[in-house]
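Chemist: The numbering used here runs 50 ahead of the 1-based position in the sequence shown.
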Amino acid sequence: RGLTIILFALLSTAVSLFLASANHPHSRCASLFLILPGTYRIAPPLAAWISNNTSPYTTRATTIA
51 RGLTIILFAL
61 LSTAVSLFLA
71 SANHPHSRCA
81 SLFLILPGTY
91 RIAPPLAAWI
101 SNNTSPYTTR
111 ATTIA
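(1) Roughly how many whole angstroms lie between the Cα atoms of residue 54 and residue 74?
(2) Please classify residue 41 as buried or exposed, where buried requires at least 16 other C-beta atoms within 10 Å of its C-beta.
(3) Please classify residue 102: does DSSP put it in a helix, a strand, or coil?
(4) Would you grab the beta carbon distance between residue 92 and residue 59 for me? Rounded to a whole angstrom, and I think it's under 8 Å.
(5) Report the rounded CA-to-CA distance for residue 81 versus residue 61, giving the unit in angstroms.
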C-alpha cells in the first residue's frame, strides 16, 4: 500500500507541476488526464492503511468516516 501511495503521489505531483508550467491548451488537457488517476488512486489504499492501523472499533469507524 505504501508503494502505491508513494508512486501515485509522485505521479500527481509531477503532472501538477507540468500543468502549472504548460501554456498550450492541448498539453494542459493532456496533463488533466494524467493528474486525475494519480490523485484518485491515492485515497482507497490510504483509507485501508489508516483503518488497519487503528486499534479500537470506534476509533476505526471514526477514522474511515
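For glycine and all other residues, C-beta sits at the position ideal for the given N, C-alpha and C.
Modeler: This is what the structure gives:
(1) Reading the sequence shown from its first residue, position 4 is the one you call residue 54. Reading the sequence shown from its first residue, position 24 is the one you call residue 74. Cα-Cα distance, rounded: 31 Å.
(2) Since the first and last residues shown for the chain are 51 and 115, residue 41 lies out of range.
(3) Within the sequence shown, numbered from 1, the residue matching residue 102 stands at position 52. Here residue 102 sits in helix by DSSP.
(4) Taking the sequence shown and counting its residues from 1, the one referred to as residue 92 is at position 42. Taking the sequence shown and counting its residues from 1, the one referred to as residue 59 is at position 9. Yes, residue 92 and residue 59 are in contact; Cβ-Cβ is about 6 Å, under 8 Å.
(5) Counting from 1 along the sequence shown, the entry for residue 81 is found at position 31. Counting from 1 along the sequence shown, the entry for residue 61 is found at position 11. Taking the straight line from one Cα to the other gives about 11 Å.
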